[in-house]
Every structure is written in structure tokens, then in C-alpha cells.
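Respectively, the protein sequence lines represent chains R and Y.
If you use the working numbering, the first sequence corresponds to residues 3 to 222, in order.
If you use the working numbering, the second sequence corresponds to residues 1145 to 1377, in order.
All remarks here apply to the structure that follows.
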Amino acid sequence: MAGEDELKLLGTWASPWVSRVKLALHLKGLSYENVEQDLDNKSDLLLASNPVHKKVPVLIHNGKPICESVVILEYIDDAYGTVGPSFLPVDPYERAIARFWVDYIDQKLVIPWKVAFTADGEEEKTEGIKQMLAAVHTLEGALKECSKGKPFFGGDSVGYVDLALGGLLAFLQGTEELCGSKPFDIANTPLLLAWVERFTALDAAKVACQMSASWLSLPR
Amino acid sequence: MAGEGDIKLLGMVVSPFVVRVRMALHRKGVSYEYVEQDLFNKSELLLRSNPVNKKVPVLIHGGKPICESLVIVQYADEVWSGKGASIFPADPHERAVARFWAAYVDDKLFPAYIGIMKAATEEARAEKAKEALVVLANLEEAFAQCSKGKPFFAGDSVGYLDLAVGCNLFWLEAIRKMFGVTFFDVGKTPLLAAWAERFAGTEMAREVVPDADTAVVFAKKLQARFGSNTSAK
């Protein structure tokens, strides 16, 4: 089967949504061609592969594109079910819980956080930060429930929720520099703080996530 | 009537997301207790079952709550995988395409048509109507690609994406009645226009989807309660 399976990832080094996908590919031990995109000058391949949103990440598997990071994560788990670890649990109820929290992260953490960074008004920014921190607080509770004392949301190994949140870490850690609020601290979110240390120590995280100050030099 | 264990659905009659779940449960042939919620006076049961978002729908199966309509639909297909019809296709790429478009509908279609209803000026309303039409043009493309000449997004019978889009149709009809916006123009989106009629004619839709007039009455009640600068017809 060598040479039959072709994976191409259209992405940018700084995108947390691309990081989510890279994490999944690395954890599954899948090789892929990383095709760095210039979002100011979008390639024909990107426009043809994601005509609706024209965004990254796009995973192209044997010529067929899959778009939207969480859709790609589920696809990788589905298409490579017998390869490497599984990200979604087997039990339907636990799968529903994992999907709920991934949706929560995208709706309640990511959206206000984007507002906090891009809003022009101080009031809007402050509201965005407030909502973001509230979401982090809720996720502390979610971690307690989902992990049941184990290292990850997924239990003993990295799961769907870990990937969805883990991909965002470089950006979340940059929050303090840019808006003066720590997203994770020992007083309010001790479990998440410990989870962050554990997650960033993973080999896959070191390769897939650009945890570096170089992110802060990007235009907002 | 014995159900598949204890199954309750917390809902609200005109919520398209609740309708979506009811459609899914109909496809699976699952019987359940439906409990109408007053969203202006939320019940203990709702607040306990969905403490994070405090919204409907919530499916409570054997005492365990599942929230978020698309999560519930996937749950139903998985937990009752041997029952009724399959909602998801078997092929991973087709599943990914269905998930992509379902997320698109919730991100782009719902806010656009709700925006038409809530708009304070004619200008704002026209803007939202334009947005909705762009979304429907994209869904026309999606239908052509997914259906491959068959009657539904999923092929011969309704599937995930049909439910994801279809649950909104009665609201689109309500808004057409209230504000005169034409969503399905046979000239511009012929495939989608034909699909919409076909979908509304299914036994499932006839059993589960409320009349557009129910949505109109609800919208007018909301306008009266919260006030509106422009009135509907």
C-alpha cells in the first residue's frame, strides 16, 4: 500500500486551527506534505479546495479536500480508525460529551477571544476578555468531569477535546502579553494549568504548535 | 408505549434546532416523551440538564442529558445504529462533507434569517436578506455535488445534511410571509427549490415540522414583547 495514500495539508505556521490538524496527524503517526500558504496571495489550490471559506486548514486526502479544523479532526479519526490512537471514545454518550465541549470551545472561547484581539473599542475588548475567561473557568470544570482524574480530557491519552484546545495554546498563552490577563492560573484553573504543562511536553505538541514569542510579532 | 429506555426531549415548538432533533428521532423510529419548555421561565429540569448553555433541545436518555442539536443527531445515529434509517453515510469523506455543510448552515443561514426578523431598519433587513441568498446559492452548489442527481442531499432518502438544512424551512416560509423575502427562486436555485418541496412533503416533515404560521405568531409575540421599529405584514 506504500505510495497509495497521499495527504497534503494546506496551512500556515501560525494558525491554531492548522495546529489542531498537525497535532492529530502527528499523534496518528501519519506522514503528510505540508504546503505553507500565503493568505495575502491565496493559491489556486487553496481557492479550488475551499471555495466557500477560502481558509486554512484544508486537508487533501488522495485529491479530496476536507475543510474546517474540527471536521478534519473527525475525518482523520474516521478514515484512519485502525491507525494509531483514536481521538473519540467508543461509547456514544462519551462521544456526545466530547463533541459538546469542542463546540463549546469554538463558540464560547474562540469567538470572544477573537473579539478581544480585533475589536476597536476598549469596551468590546474588555467584554471579549471577560467572556473568554468565563469560558476558561467552565472548561476547568469540564476537564475535571471528562478526565476523571486522568491526565487528559480524553482520559489516558489525548482526545478530541485535548486537540481542539491544545491547538489554541500558543495563542492563549500570548493573551497575557497582549491584554494583561492570564488565561490559566493556579488559583482559578489549577487543573488546566497542569494539563497545559502535560500537553506542551508532548512530542506532537513540540512539532505541531508554534509555542514561541515569534507569534507575538504577527500583525493583529 | 415502551420506548428504548427512558427518553425525554426538552424542546420548544418553533425552535428549528428542536425540529431537527425530532426529525432525527423520527428517522430512527424512536419514541420519546416530549416536554415543551418556557424559555422565558426556564424549568429546573432544563437548567439542571443544560447548565452550560441553558438552551433547548436537550435529549435525556436514561437520565443522561445530551445537548446541542447536531451533537444529539449524531448521538441518536450512533446509539440507535441498528434501528430505523441511517442518518450519516458510511464513507468518511461523505461524512466530512455533510458535517462541513451542517456547520455552515448553523453559522451562516440561521443568523441571516433571524437577522431579517430582528432588523431595525429596512436597510439592515435588505442586507440580511442578501446574506441569506448568498448562503442559499452555496447550498445549491452543495446540493448538486452531494445529491449526484438523487432527490435528497444524502441521496435516495433524507440524511444528516437534509435534516440540518430542512429544519429551517418553516422559518424561511414564515419570514417570506412576514417580510416578502423570496428564498427559493426557481430561476436562481432550482435544485434547492425542488428539494424544499420534496422535503416538506416527506412523512417525517409532515409529522414533525410546525406550520409556518405558528412561527409567524411566535415572531409577532417576540416583536410585541421586545419592540421593533419596523413591522411585518
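Virtual Cβ for every residue (Gly too), placed ideally from N, Cα, C.
Item: Are there three or more Cβ pairs, one per stretch, closer than 8 Å when the region 83-95 of chain R is compared with the region 62-72 of chain R?; Value: no
Item: Can the beta-carbon of C148 of chain R be found closer than 8 Å to that of S21 of chain R?; Value: no
Item: Is H139 of chain R helix, strand or coil when you go by DSSP?; Value: helix
Item: Residues of chain R with CB closer than 7 Å to the CB of N1312 of chain Y, please, in chain order.; Value: Within chain R, no residue comes near N1312 of chain Y; the closest Cβ sits about 18 Å away, beyond 7 Å.
Item: Per DSSP, Y1178 of chain Y is paired with what?; Value: Y:L1153
Item: Within the continuous beta strand (DSSP E) that includes H63 of chain R, where are the two ends?; Value: 60-63
Item: Just the chain R side, please: which residues come within less than 8 Å of V1223 of chain Y by C-beta, in chain order?; Value: P94, Y95
Item: With respect to the alpha helix (DSSP H) encompassing C1290 of chain Y, which residues constitute its N-terminal and C-terminal limits?; Value: 1266-1291
Item: Going along the chain, which residues of its own chain have a beta-carbon closer than 6 Å to the beta-carbon of K1227 of chain Y, five neighbours each way excluded?; Value: K1172, G1173
Item: For a test of the three-state rule: what should DSSP assign to C1124 of chain Y, helix, strand or coil?; Value: Outside the displayed span of chain Y (1145 to 1377) sits residue 1124 of chain Y, for which this structure offers no information.
Item: With I68 of chain R as the anchor, note down where its alpha helix (DSSP H) starts and where it stops.; Value: It is not in any alpha helix (DSSP H) - I68 of chain R instead sits in the beta strand (DSSP E) that spans 66-69.
Item: Per DSSP, what are the beta-bridge partners of I1204 of chain Y in this structure?; Value: Y:K1152, Y:P1209
Item: Do you know how far the Cα of V1157 of chain Y is from the Cα of Q1367 of chain Y?; Value: 18 Å
Item: Return no unless some Cβ of chain R is closer than 8 Å to the Cβ of C1211 of chain Y.; Value: yes
Item: With distances taken Cα to Cα, identify the nearest neighbour of E1351 of chain Y among Y:L1153, Y:L1169, Y:E1222.; Value: Y:L1169
Item: Name the chain R residues that come within less than 7 Å of R1369 of chain Y, Cβ to Cβ?; Value: What R1369 of chain Y touches in chain R: nothing, since even the nearest Cβ is about 25 Å away.
Item: Nearest CA to the CA of G1324 of chain Y: which residue from Y:V1302, Y:L1316, Y:V1330?; Value: Y:L1316
Item: Since E1341 of chain Y is in the alpha helix (DSSP H), which residue starts that stretch and which ends it?; Value: 1334-1344
Item: Determine the direct distance from the alpha carbon of A1270 of chain Y to that of A1264 of chain Y, and round the result to whole angstroms.; Value: 11 Å
Item: Are the region 88-104 of chain R and the region 1207-1222 of chain Y in contact at 8 Å, needing three or more beta carbon pairs?; Value: yes
Item: Of the residues Y:K1198, Y:D1306, Y:D1251, which one's Cα is nearest the Cα of T1233 of chain Y?; Value: It is worth fixing the name first, because residue 1233 of chain Y is Pro in this sequence and not Thr. Of the listed residues, the one whose Cα sits closest to P1233 of chain Y is Y:D1306.
Item: Would a C-beta distance cut-off of 8 Å place G168 of chain R and F89 of chain R closer than the cut-off?; Value: no
Item: Would you kindly check if the distance between the Cβ of V1309 of chain Y and the Cβ of M1348 of chain Y is under 8 Å?; Value: no
Item: Using a Cβ-Cβ cut-off of less than 7 Å, give me the residues of the region 95-123 of chain R that come near chain Y, in sequence order.; Value: Y95, R97, A98, R101, F102, D105, Y106
Item: Step through the CB atoms of chain Y and report whether any lies within less than 8 Å of the CB of A136 of chain R.; Value: no
Item: Taking the CB atoms as reference points, tell me whether L47 of chain R and K56 of chain R lie closer together than 8 Å.; Value: no
Item: What three-state label does DSSP hand S33 of chain R in the structure shown?; Value: coil
Item: Let me check one thing: in DSSP terms, what residues is K10 of chain R bridge-paired to?; Value: R:E35, R:I62
Item: From the DSSP output, in three-state form, read off G130 of chain R for me.; Value: helix
Item: What are the complete beta strand (DSSP E) segments, minimum 3 residues, inside the region 43-127 of chain R?; Value: 60-63, 66-69
Item: Per DSSP, what kind of secondary structure is G1299 of chain Y in: helix, strand or coil?; Value: strand
Item: Is the beta carbon of V1202 of chain Y less than 8 Å from the beta carbon of Y1304 of chain Y?; Value: no
Item: Counting only beta-carbon atoms, is D80 of chain R nearer than 8 Å to chain Y?; Value: yes
Item: L167 of chain R lies in the alpha helix (DSSP H); which residues open and close that run?; Value: 162-168
Item: Residue range of the alpha helix (DSSP H) that L195 of chain R falls in?; Value: 192-202
Item: Could you name the residues of chain R that L1219 of chain Y contacts, counting a contact when the two beta carbons are closer than 9 Å?; Value: Checking the sequence shown, residue 1219 of chain Y turns out to be Tyr, not Leu. Near Y1219 of chain Y (Cβ distances below 9 Å), the residues of chain R are P94, Y95, R97, A98, R101.
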